[in-house]
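Listed in order, the protein sequences are those of chains P and D.
The first sequence begins at 1 in full-length UniProt numbering and counts up by one.
The second sequence begins at 1 in full-length UniProt numbering and counts up by one.
We put the beta carbon where it would ideally sit given N, CA and C, even for glycine.
None of these values were measured; they are calculated from a predicted model.
Okay, so here's the structure we're looking at.
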Amino acid sequence: MLFFSLFKTLVGKEVTVELKNDLCISGALHSVDQYLNIKLTNTRVHNEQKYPHMMSVRNCFIRGSVVRYVHLPPGAVDVEVLHDATRREARGG
Amino acid sequence: MDVTLQEVPLPGTALAEELDQKLLIVLRDGRKLLGVLRSFDQFANLVVEGAVERIIVGEQYGDIPLGLQVIRGENVVLLGRVEDGKDAPEGLTEVSAQAIKDAQNGEKELNKLKSTIRARMDFLDME
């Protein structure tokens with residue numbers, strides 16, 4: 001649940017999701033669920049000329065299994081807190 | 001960062017907001033479907049009514065009618081809400097289903113030809 005919790009703290013922030021098919025989508029993180037499916041609002045696709053079908057899409061749901069990277073804004077994650085949370089989770093809560 | 005139970009929505013309900021909306025669905029093989037979402041489950045298995053496959057070749061696009069489709073979730077890449085009346089890609093012209101199929105086959109042939117040429121020239125070690 002750690003990464004689910006982490007992503008929940010990032011809701012509302014501007015992120016870029018890179019998919020396994022190399023498509024890059026930037027947008028505001030709207031919601032995340034336990035499969036790490038991601039919903040973005042106000043999306044923009046990088047290299048839009050290559051993906052003309054995405055031009056009319058402004059909100060999207062991305063299936064967690066197709067995500068390669070999520071680029072986060074600098075300073076969005078407090079690494080100290082994450083570190084502690086990781087140890088706590090490793091000890092079993 | 002602890003999560004209380006009330007905050008957690010039921011698993012796999014994220015798509016409830018998209019029900020009965022016209023969506024663009026991108027599949028893992030690169031195909032693009034448009035249709036109205038009628039049902040889904042936690043795997044993102046989907047039922048799409050009035051589905052069409054949209055093929056884009058160069059400056060042209062065309063829709064192939066498919067009707068009611070069930071899509072297995074593992075093939076789904078993303079779902080995008082399509083704004084009403086704005087589903088046509090800007091700057092592209094619509095052509096018939098047959099014309100776009102022909103154009104797609106033409107493009108496939110061209111790519112095949114290109115790759116065989118490249119394969120034959122391989123010994124030249126070109127960059």
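Beta-carbon within less than 6 Å of D:A97's beta-carbon, same chain only, minus the 5 sequence neighbours each way: which residues are those? G62 and I64
Pick helix, strand or coil for P:S31, following the three-state DSSP scheme. strand
Mind pulling the chain P residues with CB within less than 8 Å of D:K86? S56
Just the C-alpha distance for D:L37 and D:P11, rounded to the nearest angstrom, thanks. 18 Å
For P:F61, tell me which candidate among P:L19, P:A85 and P:V81 has the shortest Cα-Cα distance. P:L19
Name the residues in the segment 34-55 of chain P whose C-beta lies less than 8 Å from a C-beta of chain D; which are they? Q34, Y35, N37, K39, T43, P52, H53, M54 and M55
Indicate the three-state DSSP secondary structure (helix, strand or coil) for D:K32 in the structure shown. strand
Could you confirm whether any beta carbon from chain D is found closer than 8 Å to the beta carbon of P:F7? no
Applying a beta-carbon distance threshold of less than 7 Å, which residues of chain D neighbour P:F61? A14, L15, E18, L78 and L79
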